[in-house]
Amino acid sequence: MKTAKPLNLRLNLIGAALATVLAAGCASTPTAAPLAATGYQDVYLVKPEQDPRGLFPRVAQQFEAMGFKVHTVEAQQFLGKAEGSGFLVSRDGHLVTAAHTLEGHDKATVWLDGVRYSADVLSRSDDRDLAMLKLSTPLSSDVAPLAVQHQSPLALGQQVYAIGHAQGRGSSAHQPKLTPAMVSVAGSANTPHQAEVAGMAHAASGGSPLLSADGRVVGMVQRGQTDTDTVGNRNVVGSPLIADYLRTALPASAGGTTTAEPISMQQAARAVAKVRAGQAEADAASKPRLVATVDYTSVQDKLPRLQDFSIQVRDLDTDRLVVQTDSGHNSVNETEQAVVLGAVKQVRTALSSN
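In mature numbering (1 follows the signal peptide of the UniProt record, and there is no 0), the protein residues as written are -32 to -1, 1 to 322.
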């Protein structure tokens, strides 16, 4: 004969069960993150190499429920992040930039003298890290191209001036930065046109020209801001190598380059462009974006349903960590969806306070 449970105990059990149902119902419709406050609208969701728990579709669905435009990608790579600087070398709209900033694309987006252009990649030399771009439409202003010095490799202790756009959203798409610097390592007998310049740190991205005091190009930054050492040395290429590249890459029909007359740094800055690989959206230079990854964090011999995972979210342009969720796992009282919602709740909370 079964003994009836006391009334107060039955009421407590019913109340607990009802609370669980209500909580589950509320969790299934997450509150949207205040996107207007954070400014984030797009998230690039990177597919894991393996997804034994089938988490990826659920996580994508939850980001969409928060109001994001979700872009699913196979591998992170640069995700359209690659960008740098370039400088005008002809009145017909030819620009030189660093080949590595283009990520293999045959198109680029250019912001020059306050105007956004599409550009075609005419040629690239990966071994010299140089590439030639051509604007798809005529120049809309009277900006003059820069003159490239053909002789004299960079010398130890030489004073130079870098003009370029720092990578990421933090820098204006229309205002390059001028940074005085000094050649800290001159070229060797085997690589006479390769050098290092100190004092720039993260001030200029790959493709930024190095200028002499009279505004002529004497070199170019080859590597982006992630390729600096602790004292801010940057790898650069000297102008003789650039001039040699121009002789083959610049079409003979291109409009004449500027004269070698001295120009001010303000004039030179007008000829320095911000370059982004591929075709960017109109507001891509200032539009904040997120990249999210789903990582499995437990040993592989666990049953798929019990393998721990975490969601990492970063700012795509600055690489700043926004949130790293705790490892999600199942207990006997949790459904798979509840675990996903718990992890996404951490993301939503971090974005709300970001």
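Glycine residues also receive a C-beta, built at the ideal position from the N, C-alpha and C atoms.
Only a predicted model underlies this, so the values are computations on that prediction, with no experimental measurement involved.
Asked                                                                                                     : Found
Segments assigned beta strand (DSSP E), at least 3 residues, entirely inside the stretch 70 to 132        : 75 to 80, 83 to 93, 98 to 103, 127 to 132
Rounded Cβ spacing between Arg238 and Asp95 (contact assumed at less than 8 Å)                            : With a Cβ gap of about 31 Å, Arg238 and Asp95 do not count as contacting.
Own chain, CB closer than 6 Å to Ser91, minus 5 neighbours either side, in chain order                    : Met100, Ala217
As assigned by DSSP and simplified to three states, the class of Phe24                                    : helix
His73: CB within 7 Å of a non-hydrogen atom of the ligand NAD                                             : Ligands displayed in this structure: none; no statement on the ligand NAD is therefore possible.
Buried versus exposed call for Arg215 [16 or more other C-beta atoms within 10 Å across all chains shown] : exposed
Burial state of Val312, where buried means 16 or more other Cβ atoms lie within 10 Å                      : buried
Straight-line Cα distance separating Ala67 from Ser139                                                    : Summary for Ser139: the model assigns pLDDT 47, below 50, so the residue's position carries little reliability; its value from the coordinates is reported in the next sentence. Taking the straight line from one Cα to the other gives about 21 Å.
Extent of the continuous beta strand (DSSP E) run through Ile279                                          : 277 to 283
8 Å CB neighbourhood of Gly246 in its chain, flanking five on each side removed                           : Gly48, Glu71, His73, Lys75, Ala76, Thr77
Expected contact under 8 Å - CB spacing of His133 and Ser86 to nearest Å                                  : 18 Å between Cβ atoms; not a contact.
N-terminal and C-terminal residue of the beta strand (DSSP E) that residue 342 is part of                 : Here the chain has residues from -32 to 322 only, and residue 342 is not among them.
Same chain, Cβ closer than 8 Å to residue 363, neighbours up to 5 away in sequence not counted            : Because residue 363 is not part of the residues shown, which for the chain are -32 to 322, the question remains open.
Same chain, Cβ closer than 7 Å to Arg104, five either side skipped, listed in chain order                 : Here the sequence assigns Ser to residue 104, which means Arg is not the residue at that position. If we look at Ser104 and ignore the five residues flanking it on each side, its Cβ neighbours are Tyr85, Ser86, Ala87, Asp88.
Per-residue burial, Gln126 [other beta carbons within 10 Å of its own, 16 or more giving buried]          : buried
Entirely enclosed beta strand (DSSP E) segments - the stretch 153 to 180, minimum 3 residues              : 162 to 166, 177 to 179
Range covered by the alpha helix (DSSP H) that runs through Arg238                                        : 233 to 238
Contacting residues, own chain, Cβ-Cβ under 8 Å from Val185 (five flanking each side not counted)         : Phe55, Leu114, Ala115, Val116, Gln117, Pro177, Leu178, Leu179, Ser207, Ile210
Nearest candidate by alpha-carbon position, reference Ala149, set Gly167, Leu309, Gln143                  : Gly167
Neighbour-count burial assignment, Asn201, 16 or more Cβ in a 10 Å radius                                 : buried
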